[in-house]
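Each remark here refers to the structure printed beneath this line.
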Amino acid sequence: MSVTAPDGFRAGGVTAGLKSAGPDVALLVNDGPSDVAAAVFTRNRCKANPVLWSEQVLQDRRAKAVLLNSGGANCYTGPEGFRTTHANAELVAERLGTGAIDVVVCSTGLIGEQLDREKMTTGIEAAVGALAADAGTAAAEAIMTTDTHSKEVVRSGDGYSVGGMAKGAGMLAPALATMLVVVTTDADVDADTADRALREATRRTFDRLDSDGCMSTNDTVLLLCSGASGTRPDEAEFTARLTDACHDLAQQLLGDAEGAEHDIAIEVTGAASEDDAVTVGRAIARSNLFKTAVYGRDPNWGRILAAVGTTDAVFEPDALDVAVNGVWICRAGGPGEPRDAVDLGDRAVTVTVDLKAGGESATIWTNDLTHAYVHENSAYST
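Residue numbering for the sequence shown follows the numbering used here, beginning at 49 and increasing consecutively.
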């Protein structure tokens, strides 16, 4: 049920012909009584038309519905593309009896081609007719592009619940990724709390997912709060529950990364600051040499240290320790246990780097770089 698991939400997912096969238009409606919303958008300066529109919608931190489509990013499509986004929001608003400025729009797919407005109109009409309280999965399936399966999550709080859906399989990098994420809750949450909670959850989950270092143009993480449960949770507890749900979705995105054969957790410990830990983890995640080594099941710790050395983090090179899957193959910047002891046969891989510079830590999640990834992305638009 995902996004419709919390009370107060209806969803629909339909086929409009935007893609060669499968559902491609989703609609999620918040029936209230609250319409509090929060969002985090891509920090790419080249933003798609739906992002430009939705940034305006969320200025008052309220939204009653979100329209999503796969099969077209509506990015680099000029004024006509923005008019299409506006027209789609207007149609949804008309059918729901609300204002267009209360309708968030999200699109995903190929950049640089106009979104077929006639097909979108057909899809919106069908999605409105398909709205149901048990159609969360249908909506989650309609936002897939190169995803091999839908991503959904449900978490229960004390008297309220959190649900979510996500899409994304390529261009997974922070700020955010090629992801569309919608999280719902029936908790009674005010706008300030919702905004703080979502930003903290995103900071610790989606922003630390770094699959291929490529930042997209359409990324949106949206939180809709219906207040239908009547429960107002403690902010810390709500943030923890929301973060847990977002972490689950982020791990599902990582597990479906294009062509990946290994899911890699890069744990940086002993850092002078959390920022240093994130910086070091990110540098390792961005190293193609490291990622191809994991693909080849080669625990080449020299590539890890080389990546650490590109950062401005506080550390002494001759103090660094590195472990792969629990085997400390580097000690004090030199050889440790035999690298032959490392088993990279399983999908899950953990790299631990101890900077020996403080008490802070952070984890960045990435995956290996494979032949299949190159094929997928070299043939994507053809």
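We treat Cβ as the ideally placed atom computed from N, Cα and C, and that holds for glycine.
Pairing V77 with A113 gives a Cβ-Cβ distance under 9 Å. S277 places its beta carbon 9 Å or farther from that of S321. Here A389 is not near A186, since their CB atoms are 9 Å or more apart. In the structure shown, the three-state DSSP call for A308 is coil. If the five residues before and after A245 are omitted, its C-beta is found closer than 6 Å to the C-beta atoms of F286, T287, L290, all from its own chain and listed in chain order. Scanning T132, D206, G120 for the CA closest to the CA of L66 turns up G120. A straight line joining the alpha-carbon of V151 with that of V399 spans about 42 Å. Relative to the Cα of G393, the nearest Cα in the group A341, P383, C378 belongs to A341. Taking a contact to require three or more Cβ pairs closer than 8 Å, the region 265-275 and the region 183-200 do not qualify as touching.
Straight-line spacing of the CA atoms in N373 and A298 works out to 21 Å.
DSSP places K339 in the helix class (H, G or I) of the three-state scheme. Relative to E364, the option among A86, A380, S68, T232 whose CA is nearest is A380. Taking the Cβ atoms as the reference, D304 lies roughly 16 Å from H423, outside the contact range of under 8 Å. A direct Cα-to-Cα measurement between R143 and V73 gives close to 15 Å. The Cβ atoms of T170 and V153 lie no closer than 9 Å to each other.
For D402, the enclosing beta strand (DSSP E) has its first and last residue at 396-402. Following the DSSP letters along the chain, one finds A87 inside the beta strand (DSSP E) bounded by residues 84-89. Assigned with DSSP and collapsed to three states, D366 falls in helix.
Rounded to the nearest whole angstrom, the CA to CA distance from D360 to A331 is 11 Å. Secondary structure note for E200: it is in no alpha helix (DSSP H), and the uninterrupted beta strand (DSSP E) holding it is 199-204.
Within the region 252-278, the complete beta strand (DSSP E) segments at least 3 residues long are 268-273, listed from N- to C-terminus.
The beta carbon of R345 sits closer than 6 Å to the beta carbons of L392 from its chain, once the five residues preceding and following it are set aside; these are given in chain order. The secondary-structure analysis by DSSP pairs I412 across a beta bridge with I314. Between R256 and T411, the C-beta spacing is below 9 Å.
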